[in-house]
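Please read the structure below before turning to the comments.
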Ligand code: CA
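Residue numbers (the working numbering): 165 to 397.
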């Protein structure tokens with residue numbers, strides 16, 4: 165899940181960024197409304213955390229332009245003052261929820277999870293594909309009951325696959341949603357990474373789950389992929 169923070173107070177922005185990264189989200193930060201809007205045109209975000217008082221372009225103007233451009237990305241507004249007028253205007257402009265500063269990080273996290281759930285199917289605590297399961301709260305991953313130890317990044321990648329089973333995920337999409345675009349999607353780093361992840365989840369299993377679709381990307385499913393599978397990278 166990739167999140168954009170638009171917040172001009174550097175300390176608050178890095179506090180939120182760090183907290184979200186610890187929760188395995190991919191995070192970008194913009195420090196003014198123009199940069200924020202630019203990044204939403206450039207990247208596909210799953211959620212935007214948007215401050216109202218911002219330099220260059222204020223949060224509500226940015227939000228209005230985002231919606232005019234047809235982007236339905238959930239937006240959580242941060243308001244400095246507990247002003248009813250701000251909240252009403254924010255909701256009018258198409259915000260999905262708001263949070264008044266100062267706030268506890270746990271509350272931000274709870275609001276954000278609720279927004280990410282909304283629109284998607286009601287989210288169970290456990291994601292399951294065949295006999296592979298991923299617990300979204302404890303971050304535990306199991307295959308046939310056997311626990312699999314993953315690094316934080318491997319967990320993020322696997323979560324993304326498990327949210328989109330039976331769908332071919334391109335390298336570009338993975339790079340965008342999990343590495344916040346830091347990886348060149350043509351580099352073989354992603355292939356190497358997937359190879360290691362596959363070793364962990366498919367090793368010793370009679371049915372392979374993580375398949376490579378040559379020249380396209382990867383798919384997580386318990387049947388053979390539509391296009392002949394290729395050997396590991
Ligand atoms: Ca501000």
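Note that CB positions come from ideal geometry on N, CA and C, so glycine has one too. Only a predicted model underlies this, so the values are computations on that prediction, with no experimental measurement involved.
Where does residue i sit, in a helix, a strand or coil, going by DSSP?
i	result
residue 223	helix
residue 278	helix
residue 334	strand
residue 304	coil
residue 310	strand
residue 289	coil
residue 176	helix
Kindly examine ligand 1 and report whether one of its heavy atoms sits closer than 7 Å to the Cβ of residue i.
i	result
residue 340	no
residue 250	no
residue 215	yes
residue 388	no
residue 172	yes
residue 218	yes
Output needed for residue i: all residues of its chain with C-beta closer than 8 Å, excluding positions within five of it in sequence on either side, in chain order.
i	result
residue 357	317, 318, 321
residue 364	312, 313, 314, 318
residue 341	165, 166, 190, 208, 210, 324
residue 197	170, 218, 219, 220, 221, 222, 223, 225, 226
Take residue i and list the residues in its own chain whose beta-carbon comes closer than 6 Å to its own, dropping the five residues that flank it on each side.
i	result
residue 140	Since the first and last residues shown for the chain are 165 and 397, residue 140 lies out of range.
residue 381	332, 333, 334, 335
residue 326	291, 293, 298
residue 328	none
residue 372	366
residue 195	172
Could you pull out every residue in the same chain whose Cβ sits closer than 7 Å to the Cβ of residue i, ignoring the five residues on either side in sequence?
i	result
residue 209	166, 167, 168, 237
residue 276	211, 240
residue 344	166, 190, 191, 192
residue 307	295, 296, 365, 369
residue 201	221, 226, 229, 230
Does the CB of residue i have a neighbour CB from chain D at under 8 Å?
i	result
residue 325	This model lacks chain D altogether; it includes just one protein chain.
Could you check whether the stretch 182-193 touches the stretch 215-229, counting it as contact only if at least three pairs of C-beta atoms, one from each stretch, sit closer than 8 Å? no
Is it a yes or a no for the stretch 204-219 touching the stretch 300-307, going by three-plus beta-carbon pairs under 8 Å? no
If we require 4 or more residues per run, which alpha helix (DSSP H) segments fall completely within the stretch 179-266? 197-206, 223-232, 248-256
Entirely enclosed alpha helix (DSSP H) segments - the stretch 339-391, minimum 4 residues: For secondary structure counted as the alpha helix (DSSP H) over 4 or more consecutive residues, the stretch 339-391 holds these complete runs in sequence order: 353-366.
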